[in-house]
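To start, the structure under review is shown below, and the notes come after it.
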Amino acid sequence: MMTGGKPPLRSGPGRRGGSLALGLLLLACIAHGADSVRCQLADGFDFPVGKPNGEGYYKSRGYWPNGHLGEDWNGRGGGNSDLGDPIYSCARGVVVISENVRSGWGNCVLVRHAYRDASGKIAMVDSLYAHLHQRVVRAGQVVEKGQQVGTMGGNNGMYYVHLHFEMRKNLRIGMNRTLFARDNSNYYSPSDFINKHRTLSGSFQKYPIPLGLFAPYGQALEETKGLDSGQGFRVPTAPGKVLPESGPSADDEDFWSKLRNRLKQGTVTPGLDSGR
Numbered sequence: 558m559m560t561g562g563k564p565p566l567r568s569g570p571g572r573r574g575g576s577l578a579l580g581l582l583l584l585a586c587i588a589h590g591a592d593s594v595r596c597q598l599a600d601g602f603d604f605p606v607g608k609p610n611g612e613g614y615y616k617s618r619g620y621w622p623n624g625h626l627g628e629d630w631n632g633r634g635g636g637n638s639d640l641g642d643p644i645y646s647c648a649r650g651v652v653v654i655s656e657n658v659r660s661g662w663g664n665c666v667l668v669r670h671a672y673r674d675a676s677g678k679i680a681m682v683d684s685l686y687a688h689l690h691q692r693v694v695r696a697g698q699v700v701e702k703g704q705q706v707g708t709m710g711g712n713n714g715m716y717y718v719h720l721h722f723e724m725r726k727n728l729r730i731g732m733n734r735t736l737f738a739r740d741n742s743n744y745y746s747p748s749d750f751i752n753k754h755r756t757l758s759g760s761f762q763k764y765p766i767p768l769g770l771f772a773p774y775g776q777a778l779e780e781t782k783g784l785d786s787g788q789g790f791r792v793p794t795a796p797g798k799v800l801p802e803s804g805p806s807a808d809d810e811d812f813w814s815k816l817r818n819r820l821k822q823g824t825v826t827p828g829l830d831s832g833r
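In this note's numbering, the protein residues as written are 558 to 833.
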């Protein structure tokens with residue numbers, strides 16, 4: 558499924574940088590066997606229940622680092638009265654996980670969003686919708702803001718019915734959450750992120766959104782090195798090794814400038830950055 562739209566707008570100088578960065582990201586994804594789907598930038602973020610503002614729902618449990626890494630949303634009717642209520646994608650993006658992970662997760666949907674941040678750079682973020690009763694989207698599908706991705710559940714009776722909702726700045730996490738630092742280096746406070754990104758500038762241009770790049774639940778992660786979007790995203794380079802329990806490195810922000818310089822010099826090798 559692909560979104561429709563008009564032909565891409567001609568990019569200005571600032572947008573060329575974002576296009577270049579994601580274009581190089583796509584090349585690296587191809588080099589490492591990762592698929593991608595082209596999608597327009599998110600034009601804003603809304604709440605995943607009671608769209609667009611969470612009407613009829615409340616946060617029964619909030620986000621805090623080194624504790625609860627997301628938000629739990631419940632219907633105001635109490636108990637399991639919200640069973641089967643629709644859950645919506647908080648923004649335009651591409652579904653990268655739609656499966657029954659079982660264990661404490663149950664049915665999960667993970668959507669990857671590309672957006673233009675306050676500085677004008679292209680960034681990416683993952684939104685997770687867990688404990689669903691049903692999933693109504695598939696991996697690789699483009700979804701719009703406010704499009705239904707599933708229905709509210711309680712992981713087959715393990716919990717009272719609610720939505721567990723996360724926003725991840727580190728795109729490597731997938732369902733291997735326990736292998737990553739449980740702090741703000743990897744996660745956003747969901748409501749805080751949404752409230753700061755309700756309306757964003759977009760365009761008709763579509764960007765490559767990488768799928769996967771994390772190990773299946775319960776399996777070892779590949780060691781990561783080099784390519785990073787500035788939001789903690791890295792391309793795997795060494796299969797069979799477990800990722801250390803740490804967040805993105807402090808020098809990630811200058812990666813794209815180094816990569817662009819190498820491109821100008823004709824020395825870019827996707828996935829490698831020996832100068833760091």
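Each residue gets a CB set at the ideal place from its N, CA and C atoms; glycine is no exception.
Predicted model only: the values in this text are computed from it and were never measured.
- Message: Using C-beta distances below 6 Å, list every residue in its chain close to Gln704, excluding the 5 sequence neighbours before and after it, in chain order.
- Response: Ser646
- Cβ-based neighbour list, Gly613, same chain, cut-off 6 Å, excluding 5 preceding and 5 following: Gly607, Arg633
- Query: Do you know offhand how far Asp639's Cα is from Asp592's?
  - Reply: 36 Å
- Does the distance from the CB of Ile644 to the CB of Leu689 come in under 8 Å? yes
- Local conformation of Ser748 per DSSP, three classes: helix
- The beta strand (DSSP E) spanning His721 covers which residue range? 720 to 725
- Exposure of Tyr744, with buried meaning 16 or more beta-carbon neighbours within 10 Å: buried
- Just to confirm, are Glu707 and His719 a CB contact at a threshold of 8 Å? Note on residue identity: the sequence assigns Gly, not Glu, to residue 707. Not closer than 8 Å, so no.
- Query: Taking DSSP as the reference, what is the three-state secondary structure of Thr708?
  - Reply: strand
- Item | Whole-angstrom C-beta distance between Leu728 and Gly692, which should lie under 8 Å | Inspection of the sequence shows that residue 692 is occupied by Arg rather than by Gly. Not quite, the Cβ-Cβ distance comes to about 20 Å (not below 8 Å), so this is no contact.
- Item | Of the residues Gln597, Asp600, Trp630, the one placed nearest Ser748, counting alpha carbons only | Trp630
- Message: Using a Cβ distance threshold of 8 Å, determine whether the segment 734 to 744 contacts the segment 752 to 759, with at least three qualifying pairs required.
- Response: no
- Message: Here's the rule: buried if 16 or more other CB atoms are within 10 angstroms of the residue's CB, otherwise exposed. What is Trp662?
- Response: buried
- Message: Taking only three categories from DSSP, how would you classify Pro605?
- Response: coil
- Message: Closest to Ser617 by C-alpha separation, out of Met681, Val700, Tyr716, Val652, would be which residue?
- Response: Tyr716
- Through-space distance from Tyr615 to Asn637, alpha-carbon basis: 14 Å
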